[in-house]
Amino acid sequence: MEINSKQYEQHTFKSFLSKYQVTIPMVQRDYAQGRTSIDVNRVRNRFLTAIKSYLVQPKTNHKIMKMDFVYGEKENVWSKVEVGKLEKIIVTPLDGQQRLTTLYLLHWYAAKKASLQPTDYAFLEHFTYDIRPSSRDFCTHLLRFTPSFNSSIKEQLIDQYWFMGDWHNDPTILSMLVMLDAIMEKFSDVDNLWNLLTGDDERIVFFFLPLAENGLSDELYIKMNSRGKKLTPFEHFKAEYEALYEHDSEESMDINHKFDVEWADTLFSYRDDDDLTDKEFMRYFFYISHILCYQQSVKKSTDEFELIKTLYQESPKAVENRKFFENAMDCWYQVKNEFGSIGNFFSRYLSQFTHEKDKVATYKTVSEYHTNQNFFHACIKLYQVNNNFSYSDFLFLFGIIVYLTNRDKIEETAFIERLRILRNLIWNSNSGEIRGDSDYMSDLLTEVSELMLNGIIRTDLKHGFNGFQEKEEIEKQEKKSQMTNDDLERMYKYEDHPLVYGYVSGLGYDYLYLTDTFYSVFGGNDYLNIHLALIAIDGYMQHDDKRYYMANHNRSTWTQLLHKSRNRNGFEESMAIVRTMLERVLNGESIEDIRNVFIEEQERKHEYTWRYYFAKYPDMLRGADGELVWNTSNDYICITLNKHQFNGQHWNPFLNVIYQLLAEKLKTEYKEKILSLDNYGGNLNLFHPVASVASLGDGFEYFYGENRKHWSIIQNSEGIDTEDRILLAIRKIKAIVQMYVEGQNVSD
2 MEINSKQYEQ
12 HTFKSFLSKY
22 QVTIPMVQRD
32 YAQGRTSIDV
42 NRVRNRFLTA
52 IKSYLVQPKT
62 NHKIMKMDFV
72 YGEKENVWSK
82 VEVGKLEKII
92 VTPLDGQQRL
102 TTLYLLHWYA
112 AKKASLQPTD
122 YAFLEHFTYD
132 IRPSSRDFCT
142 HLLRFTPSFN
152 SSIKEQLIDQ
162 YWFMGDWHND
172 PTILSMLVML
182 DAIMEKFSDV
192 DNLWNLLTGD
202 DERIVFFFLP
212 LAENGLSDEL
222 YIKMNSRGKK
232 LTPFEHFKAE
242 YEALYEHDSE
252 ESMDINHKFD
262 VEWADTLFSY
272 RDDDDLTDKE
282 FMRYFFYISH
292 ILCYQQSVKK
302 STDEFELIKT
312 LYQESPKAVE
322 NRKFFENAMD
332 CWYQVKNEFG
342 SIGNFFSRYL
352 SQFTHEKDKV
362 ATYKTVSEYH
372 TNQNFFHACI
382 KLYQVNNNFS
392 YSDFLFLFGI
402 IVYLTNRDKI
412 EETAFIERLR
422 ILRNLIWNSN
432 SGEIRGDSDY
442 MSDLLTEVSE
452 LMLNGIIRTD
462 LKHGFNGFQE
472 KEEIEKQEKK
482 SQMTNDDLER
492 MYKYEDHPLV
502 YGYVSGLGYD
512 YLYLTDTFYS
522 VFGGNDYLNI
532 HLALIAIDGY
542 MQHDDKRYYM
552 ANHNRSTWTQ
562 LLHKSRNRNG
572 FEESMAIVRT
582 MLERVLNGES
592 IEDIRNVFIE
602 EQERKHEYTW
612 RYYFAKYPDM
622 LRGADGELVW
632 NTSNDYICIT
642 LNKHQFNGQH
652 WNPFLNVIYQ
662 LLAEKLKTEY
672 KEKILSLDNY
682 GGNLNLFHPV
692 ASVASLGDGF
702 EYFYGENRKH
712 WSIIQNSEGI
722 DTEDRILLAI
732 RKIKAIVQMY
742 VEGQNVSD
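For what it's worth, our numbering labels the leading residue of the sequence shown as 2, then goes sequentially.
Dropping the structure here:
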């Protein structure tokens with residue numbers, strides 16, 4: 002038989018040994034399919050299960066199990082007595098030893114179970130090992146031994162008088178012992194096993210390809226199968242996947258070529274220190290397979306063989322699934338050839354934090370694999386590794402793959418536009434909306450696919466992206482048709498700001514002319530001064546039923562402020578104040594000017610509102626994360642929180658400011674600690690004298706021993722301070738400490 006100009010023979014195990022004497026050479030590694038590692042256990046079970054499934058098929062219309070090629074050398078042995086008589090042909094397998102050995106053991110088991118005469122299975126004598134004398138001797142004794150089938154064959158063999166003690170050091174023998182027990186466990190219920198294996202009705206065949214007759218060198222095979230080289234999990238996986246196709250079919254040849262050439266080339270630049278790309282390939286295989294699991298309501302598995310069986314072999318969509326996986330691999334090979342590298346592709350369409358025309362900013366900082374926003378690189382290095390490849394990354398990369406596998410249907414400009422929308426949807430959805438639950442991811446993948454293929458934003462899905470952002474993106478599509486190119490570019494620039502990531506409604510479509518001003522104000526990390534300017538304009542906080550929310554020096558508080566939330570009220574009002582600030586900066590003021598003008602005006606009018614204190618004293622928010630609890634009856638009674646709950650640290654902000662301004666100064670002056678502040682809402686404490694100060698709506702309460710004194714703040718008819726209460730308290734405390742040091746009465 003001939004394929005691709007190579008001559009090969011099709012054989013059953015019986016026909017092979019009937020024609021040839023097979024000797025496993027010394028250059029081969031030990032028999033490995035009986036090893037006891039987790040990976041080998043799994044492969045062994047699957048291999049035996051596959052063999053059994055072919056053997057137990059009904060006689061009519063059964064399929065034939067076609068194992069892979071057995072490569073080897075043939076040696077003719079001529080008679081020394083009779084000239085020209087060929088006595089035997091010795092075959093030395095250089096690839097396929099593992100399969101042949103397992104078939105040898107299976108035939109031995111079947112022969113013994115059928116209680117055959119030695120002449121019936123005499124062809125098994127034509128198989129032997131030359132790796133070690135011990136392996137050869139074991140095979141000889143094995144053929145003579147007949148086990149009982151009610152206990153472990155392995156233990157029976159070890160108990161034989163001829164089983165040498167040093168055979169426990171022979172890996173091939175140990176492997177054979179394990180395999181024999183596995184065969185008995187798997188095939189004990191198969192009747193007529195010998196006839197199924199050796200009858201005319203062929204069930205299992207393989208293909209023998211003699212090297213010399215086909216102009217092949219044995220050097221390659223010797224190198225690949227050198228002694229001691231373990232089969233990697235990837236090699237097992239590759240063989241299992243390739244077995245999904247008819248052995249000698251065009252599809253089989255094509256997939257083998259892709260594994261060995263195109264896909265290997267795709268991953269080569271991402272290889273590990275061991276110069277292998279096995280782990281990288283398997284991570285991507287799991288990623289693509291898990292996409293299919295979500296889409297088809299199949300339980301996710303981390304067992305690659307289980308996924309092959311479930312998705313690519315037994316599924317009603319097996320052919321479609323294989324095509325999806327292979328296309329998802331092929332597309333990166335095409336990208337590499339077209340762009341020079343996969344990294345160049347990502348650099349062409351993505352930026353990190355900066356706005357670039359015709360690119361989409363991703364704001365990603367996770368690991369070194371994102372230095373050029375290469376999400377493919379991140380996937381093959383990080384997927385299923387300590388959760389470093391997030392569900393957001395999962396969906397974003399899927400959107401790119403949808404484009405790459407459908408480039409004939411999607412224009413490049415449409416791809417960039419849709420990828421931007423996808424970025425906006427993903428980055429504006431929280432962990433409660435993007436979840437790994439199957440029903441969530443199924444809907445999200447559907448939404449991504451519809452968007453990337455057709456530009457449609459699905460709002461009818463139960464578990465879609467953030468509803469506010471979906472609504473905005475639909476509105477945005479309508480607005481774009483009415484925008485000038487300049488306004489469109491301004492909108493994209495505003496979207497790409499790392500505090501905004503796509504949510505335009507805060508600024509508003511009518512205020513896109515403020516985009517550059519927004520960048521100038523929010524371009525650095527001067528967040529605290531921006532907060533001071535905003536509070537000087539008005540009370541810009543947002544709120545829920547229990548909390549008020551200010552922004553501060555933490556970046557996260559600004560992303561929350563600039564995005565509408567179901568849990569907060571006052572978004573439109575706070576954004577109006579942001580726009581007012583930007584307008585004033587556009588007209589020539591600085592954020593420092595805005596703050597200073599307000600403070601000077603309050604001090605000139607002697608009206609010290611609560612906003613005055615927050616604008617004048619940045620430490621009003623010190624230690625807090627922008628959350629406050631306010632007494633609705635009095636603007637001067639509030640608490641700042643380090644965490645959302647009161648069981649975290651929290652402070653009275655007025656006492657906090659007094660402490661920050663005074664504690665170190667008093668310590669320096671008196672050479673010892675004078676003040677402390679309770680971190681859980683308590684009073685400001687003095688050590689010299691032992692006293693404390695509490696903050697009230699109309700001033701402070703001073704406690705000394707059993708005495709207490711109210712420090713009143715003069716307020717106008719509207720309840721607004723007419724003097725700076727913080728300065729008053731500082732004067733009082735400094736005076737008390739001084740009087741105590743001088744020995745005077747400090748009870749007042």
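Ideal placement from N, C-alpha and C gives every residue a C-beta, glycine not left out.
Note on the region 296–355: whole alpha helix (DSSP H) runs with a minimum of 4 residues are 305–308, 319–340 and 343–350, in chain order. When the alpha-carbon of Ser713 is set against those of Glu724, Ala736, Arg100 and Phe326, the nearest one is in Glu724. In the structure shown, the three-state DSSP call for Pro26 is coil. Scanning its chain for C-beta atoms nearer than 8 angstroms, with the 5 sequence neighbours on each side dropped, one finds around Phe238 the residues Met283, Phe286, Glu305, Phe306 and Ile309, in chain order.
Excluding its 5 nearest sequence neighbours in each direction, Asn635 has C-beta neighbours in its own chain below 6 angstroms: Gly698, listed in chain order. Measuring C-alpha to C-alpha distances from Ser189 to each of Lys382, Leu107 and Ala692 identifies Leu107 as the nearest.
His564 carries a coil assignment under DSSP once its states are collapsed to helix, strand and coil. Using a C-beta cut-off of 8 angstroms, the region 545–554 makes no contact with the region 503–511, since fewer than three inter-stretch Cβ pairs fall below that distance. Judged by DSSP secondary structure, Ser189 falls outside any beta strand (DSSP E); it is assigned neither H nor E. For Arg709, the uninterrupted beta strand (DSSP E) run begins and ends at Asn708 to Ser713, by DSSP. When secondary structure is reduced to three states using DSSP, Tyr21 falls in the coil class, being assigned neither helix nor strand. For Leu629, the enclosing beta strand (DSSP E) covers residues Glu628 to Trp631.
Given a length threshold of 3 residues, each whole run of the beta strand (DSSP E) inside the region 104–175 is given here in chain order: 128–130. Here the alpha carbon of Leu667 sits roughly 8 angstroms from the alpha carbon of Leu676. The alpha-carbon of His607 is positioned some 20 angstroms away from that of Ala534.
One Cα belongs to His169, the other to Thr103, and the distance between them is close to 20 angstroms.
In the DSSP assignment, Met582 falls outside any beta strand (DSSP E) and lies within the alpha helix (DSSP H) extending over Phe572 to Leu587. Taking all protein chains in view, the Cβ of Ser250 is surrounded by fewer than 16 other Cβ atoms within 10 Å, so the residue is classified as exposed. Taking a cut-off of 8 angstroms for Cβ pairs, the region 76–93 and the region 105–121 do not touch, as fewer than three such pairs fall below it.
Closest by C-alpha distance to Leu687, out of Val742, Phe395, Ile132 and Phe207, is Val742. The Cβ-Cβ distance between Gln296 and Ser443 falls below 9 angstroms.
By the Cβ-count criterion, His12 is buried, with 16 or more other Cβ atoms from all chains shown falling within 10 Å of its own Cβ. In the three-state reduction of the DSSP assignment, His237 falls in the helix class, which pools H, G and I.
In this structure, Ile435 and Ser393 form a Cβ contact; the two beta carbons are roughly 6 angstroms apart against a cut-off of 8 angstroms.
Taken through DSSP and simplified to helix, strand or coil, Asn686 comes out as strand. Close CB contacts of Leu462 within its chain, under the 7 angstroms cut and outside five residues either way in sequence, are with Asp444, Thr447 and Glu448 (chain order). Ranked by Cα distance from Leu101, the options Gln34, Glu473 and Gln118 are led by Gln34.
Per DSSP, Gly624 lies in no beta strand (DSSP E) and is assigned neither H nor E. In the three-state scheme derived from DSSP, where H, G and I count as helix and E and B as strand, Val658 is classed as helix. Under DSSP, His651 forms a beta bridge with Leu642 and Tyr681.
Around Asn257, the same chain offers Glu243 as residues with beta carbons nearer than 7 angstroms, after the five sequence neighbours per side are excluded.
Annotated as distal: Val598 and Met621, with beta-carbon spacing of 9 angstroms or more. Burial check for Tyr130: the Cβ neighbour count within 10 Å reaches 16 or more, so the residue is buried. Looking only at Asn717, Val691 and Val44, the smallest Cα-Cα distance to Gly706 is reached by Val691. In this structure, Tyr512 is the residue among Tyr512, Gly624, Leu351 and Asn526 with its C-alpha nearest to the C-alpha of Ile578.
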